[in-house]
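This report refers to the structure that appears directly beneath it.
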Amino acid sequence: MKKKFIKKIYIAFSKLIIPLFYDKKYLKGRHFDNNIKGWYWCWRNLFMQKIIGYNRTCPFPVSFRNEIGQWKNIKFDIDDLNNFQHYGVYFQSWHCDITIGKGTYIAPNVGLITENHDINNLDQHNEPEPIKIGKSCWIGMNAVILPGVCLGDNTIVGAGAVVTRSFPEGNCVVGGVPAKKIKSLETINDNND
Numbered sequence: 031m032k033k034k035f036i037k038k039i040y041i042a043f044s045k046l047i048i049p050l051f052y053d054k055k056y057l058k059g060r061h062f063d064n065n066i067k068g069w070y071w072c073w074r075n076l077f078m079q080k081i082i083g084y085n086r087t088c089p090f091p092v093s094f095r096n097e098i099g100q101w102k103n104i105k106f107d108i109d110d111l112n113n114f115q116h117y118g119v120y121f122q123s124w125h126c127d128i129t130i131g132k133g134t135y136i137a138p139n140v141g142l143i144t145e146n147h148d149i150n151n152l153d154q155h156n157e158p159e160p161i162k163i164g165k166s167c168w169i170g171m172n173a174v175i176l177p178g179v180c181l182g183d184n185t186i187v188g189a190g191a192v193v194t195r196s197f198p199e200g201n202c203v204v205g206g207v208p209a210k211k212i213k214s215l216e217t218i219n220d221n222n223d
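Each step along the sequence shown adds one to the number in my numbering, with nothing skipped, and position 18 is 48.
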């Protein structure tokens, strides 16, 4: 009984203070509605993000250990705010979109790169290309997704993989350097037929 009361007070206090620092549209969903986790992320990130300045302009809580290029170019479902709470994830979205499908999980130390240096002149960049990750994907630790890559729904990217080309068909496991299709996955619906 006492824990429930403390949780209610914590959430009520958070609902009063946190909207002063973060956009209200990001303070809802599975991590906030009757859940303490989202509010905890806000409090944990508040000092480093809003006062010290790591990812300061982001209107949602982001771990200071991540790098967000341009938050406006990242498209994601509010229920997947957990992807911004790890460490070492590099969202290079300065000039191009990164779209992350609903239910996708991104492990720590992942790089999502929308533009590379020109190999003939390292002071220049190639034209940026968007990254699109489908629904219910899992990007393993230390993986790198390069410009223009599209991953279909239910794609698993193995830890340490460097994904240089698209796998739009989805329902597969990819891994290696450069990443190749390792195996196909049956979807839950296929198993029920």
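Ideal Cβ positions, reconstructed from N, Cα and C, are used throughout, including at glycine.
Note that this is a predicted model, so its numbers are computed, not measured.
| request: Quick one: grab the DSSP three-state call for Asp148. | output: For this step, residue 148 is matched to residue 118 along the sequence shown. The three-state secondary structure of Asp148, taken from DSSP, is strand.
| Does the stretch 122–138 come within contact of the stretch 160–174, defined as at least 3 CB pairs closer than 8 Å? | The stretch 122–138, when compared against the stretch 160–174, does touch it at the 8 Å Cβ threshold.
| Supposed close pair Tyr120, Glu97 - CB separation, criterion 8 Å | Counting from one through the sequence shown, the residue named residue 120 turns up at place 90. Counting from one through the sequence shown, the residue named residue 97 turns up at place 67. Contact flag correct, Cβ pair sits at about 5 Å.
| query | Going by the beta-carbon positions, is the gap between Phe43 and Lys80 smaller than 9 Å? | reply | As a first step, residue 43 is located in the sequence shown; it is residue number 13 there, counting from the start. As a first step, residue 80 is located in the sequence shown; it is residue number 50 there, counting from the start. Contact flag unset, no.
| query | Going straight from the alpha carbon of Leu46 to that of Leu215, what length do you get? | reply | Reading the sequence shown from its first residue, position 16 is the one you call residue 46. Reading the sequence shown from its first residue, position 185 is the one you call residue 215. Spanning the two alpha carbons is a distance of roughly 45 Å.
| From which residue to which residue does the beta strand (DSSP E) around Gly141 run? | Within the sequence shown, residue 141 is the residue found at index 111, counting from 1. Segment Gly141 to Ile143, the beta strand (DSSP E) holding Gly141.
| Of the residues Ala189, Leu76, Pro49 and Asn201, which one's Cα is nearest the Cα of Arg95? | Against the sequence shown, residue 95 aligns to sequence position 65. Nearest of Ala189, Leu76, Pro49 and Asn201 to Arg95, Cα basis: Leu76.
| request: Can you tell me the Cβ-Cβ gap for Gly200 and Gly188, rounded? I've got them flagged as a contact below 8 Å. | output: On the sequence shown, residue 200 is found 170 positions in, with the first residue counted as 1. On the sequence shown, residue 188 is found 158 positions in, with the first residue counted as 1. Their Cβ separation, rounded to whole angstroms, is 15 Å, which puts Gly200 and Gly188 out of contact at 8 Å.
| Which runs of the beta strand (DSSP E) spanning at least 3 residues fall entirely within the stretch 165–222, listed in chain order? | 185–187, 202–205 and 210–214
| query | Which value, in whole angstroms, describes the spacing of the CA atoms of Arg195 and Lys37? | reply | Position 165 of the sequence shown, counted from the first residue, corresponds to residue 195. Position 7 of the sequence shown, counted from the first residue, corresponds to residue 37. Answer to the nearest angstrom: the Cα atoms are 46 Å apart.
| query | Exposed or buried, His61, counting other C-beta atoms within 10 Å across all chains shown (16 or more means buried)? | reply | For the purposes of this step, residue 61 is identified with residue 31 of the sequence shown, where counting begins at 1. That one is buried.
| query | Under 9 Å, do Cys126 and Asn103 count as touching if we go by C-beta distance? | reply | Translated into positions along the sequence shown, residue 126 becomes position 96. Translated into positions along the sequence shown, residue 103 becomes position 73. Cβ distance < 9 Å, so Cys126 and Asn103 count as in contact.
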